[in-house]
């Protein structure tokens, strides 16, 4: 991989990742409603999905991926259903102060990981970037194992940076509201965003 190709990939991915989509909405919703609980595995699931689509593009599996896209529909709807469940929990969970020890621990790590993975696997923006746009940005025919490792490393680094930014911003916004009434509004705002992310995943 040439330095130019890596820079082109990095710039395009940064722009694509930073633009809000279902994954960002769902991530922000988790932080706004429940704090940092379950956010790390959810973010890890989002990143894993990107690595899977990156691998499909590098291996020239775009046609195969589109052919078996119906199989991903199952993942998409299961993930969306779980997001709807989380949205319901956010709407109905009593509000607690952000630093309270009694704050509910919502979302098992493994379930949160697969929820994040399902969002990315069914996100049309991610699919379009890796399977349609990426081949026009760099010559995938020249990408070997080392090239994939380089791209994957950049992918993890860039996505981690972008997701961390949104997590910190949402966490700081949450800390500004300490009264039960304000936290109730945050919970319902987070639930609305999460439901919106689920709808976006299903309908796109």
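Residue numbers (this note's numbering): 1083 to 1286.
Cβ coordinates follow ideal geometry from the N, Cα and C atoms, glycine included.
Everything numeric in this text was worked out from a predicted model, so none of it was measured.
Of the choices the options, whose alpha-carbon is the least far from that of residue i?
i            : options                   : result
residue 1232 : 1257, 1142 and 1137       : 1137
residue 1249 : 1115, 1088 and 1093       : 1115
residue 1089 : 1220, 1230 and 1227       : 1220
residue 1215 : 1135, 1226 and 1130       : 1135
residue 1256 : 1223, 1222, 1112 and 1104 : 1112
residue 1131 : 1242, 1102 and 1204       : 1204
residue 1254 : 1117, 1092 and 1103       : 1117
residue 1103 : 1159, 1194, 1235 and 1209 : 1209
residue 1274 : 1173, 1105, 1194 and 1092 : 1173
residue 1122 : 1202, 1194, 1225 and 1092 : 1194
Hey, residue i and residue j: beta-carbon distance below 8 Å or not?
i            : j            : result
residue 1200 : residue 1110 : no
residue 1196 : residue 1127 : yes
residue 1207 : residue 1098 : yes
residue 1124 : residue 1198 : yes
residue 1120 : residue 1217 : no
residue 1094 : residue 1244 : no
residue 1169 : residue 1246 : no
residue 1242 : residue 1129 : yes
Since residue i contacts residue j with CB under 8 Å, what's their CB separation in whole angstroms?
i            : j            : result
residue 1096 : residue 1240 : 5 Å
residue 1141 : residue 1237 : That pair is no contact at about 15 Å.
residue 1222 : residue 1139 : 6 Å
Quick check on residue i - is its C-beta less than 8 Å from some C-beta in chain C?
i            : result
residue 1249 : Looking for chain C here will not work: only one protein chain is present.
#### Entry: alpha helix (DSSP H) segments (min. 4 residues) lying fully within the stretch 1102–1134
Here the runs fully enclosed are 1104–1116.
### Message
What ranges does the alpha helix (DSSP H) occupy inside the stretch 1201–1248, keeping only unbroken runs of at least 4 residues that lie completely in it?
### Response
Taking only runs of at least 4 residues, the alpha helix (DSSP H) segments lying wholly in the stretch 1201–1248 are 1206–1210 and 1216–1219.
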